[in-house]
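For the protein sequence lines, the chains are A and B, in the order given.
Note that my numbering has the first sequence beginning at 7, numbered continuously upward.
Note that my numbering has the second sequence beginning at 562, numbered continuously upward.
Backbone N, C-alpha and C define an ideal beta-carbon position, used for all residues, glycine too.
What follows is a short report on a single structure.
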Amino acid sequence: MTESRVDLDSEKMGRDLVALVLTVVELLRQLMERQAIRRVEQGGLSDAQVEEIGTTLMLLDQRMQELCDQHGVRPEDLNLDLGPLGSLLPRE
Amino acid sequence: MEREVVPWDSPEPLSGPIGVPLVDLLDRVLATGVVVSGDLVIAIADVPLVRLSLHALLSSVNERVPAPWSDGGPL
Numbered sequence: 007m008t009e010s011r012v013d014l015d016s017e018k019m020g021r022d023l024v025a026l027v028l029t030v031v032e033l034l035r036q037l038m039e040r041q042a043i044r045r046v047e048q049g050g051l052s053d054a055q056v057e058e059i060g061t062t063l064m065l066l067d068q069r070m071q072e073l074c075d076q077h078g079v080r081p082e083d084l085n086l087d088l089g090p091l092g093s094l095l096p097r098e
Numbered sequence: 562m563e564r565e566v567v568p569w570d571s572p573e574p575l576s577g578p579i580g581v582p583l584v585d586l587l588d589r590v591l592a593t594g595v596v597v598s599g600d601l602v603i604a605i606a607d608v609p610l611v612r613l614s615l616h617a618l619l620s621s622v623n624e625r626v627p628a629p630w631s632d633g634g635p636l
């Protein structure tokens, strides 16, 4: 009677899958953040637009941290080590 | 914990990981702009099933590469 056995594999697999999805989301978020900074530095945007971009990016960052906490994923888990290529995301 | 950047022009082979995170490289590629064109056929047992033909421009929006719609278009 081993019904009470806790199946950790599916949990771990689920968390790894979530970590992979969050990694892709984090990659795109950081890429868009850098592109936004480039666009703002390039000029030609109204102050309202610049502020809107800043607010949106800040909210996105907060939402990302909430998601990571919610799924028990540490921020450094999202950073993939690509061996000779270095890392996917900057190492804080 | 800043890892020292690996010099590019050193004669001996690449020792440590390149100092630049991939996301920065992608950002620069977008800033420069890149065109990806090609054909991709997904086949099983030499039977072609799916064809993907790409002529994609991937670039940041700037005066050279304007957004097709006016600022804040339908997207």
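Each residue's CA atom was taken as its position, placing A606 (chain B) and S614 (chain B) some 21 angstroms apart.
A distance below 8 angstroms separates the beta carbons of E39 (chain A) and L63 (chain A).
DSSP places V56 (chain A) inside the alpha helix (DSSP H), whose first and last residues are 53-76. Residues L610, V611 of the same chain have their beta carbon placed closer than 6 angstroms to that of I603 (chain B), with the five preceding and five following residues left out of the count.
Taking 8 angstroms as the cut-off, the beta carbon of A25 (chain A) is found closer than this to the beta carbon of D83 (chain A).
Contacts with chain B at 8 angstroms (Cβ-Cβ) include P96 (chain A). Shown here, A592 (chain B) sits in a helix according to DSSP, grouped into three states. In the structure shown, L615 (chain B) adopts extended strand secondary structure according to DSSP, grouped into three states. At least one C-beta of chain B is nearer than 8 angstroms to the C-beta of S93 (chain A). By the neighbour-count criterion, in which a residue is buried when 16 or more other Cβ atoms sit within 10 angstroms of its Cβ, D15 (chain A) is exposed. In its chain, beyond the 5 residues on either side, no residue has a beta carbon closer than 6 angstroms to the beta carbon of V30 (chain A).
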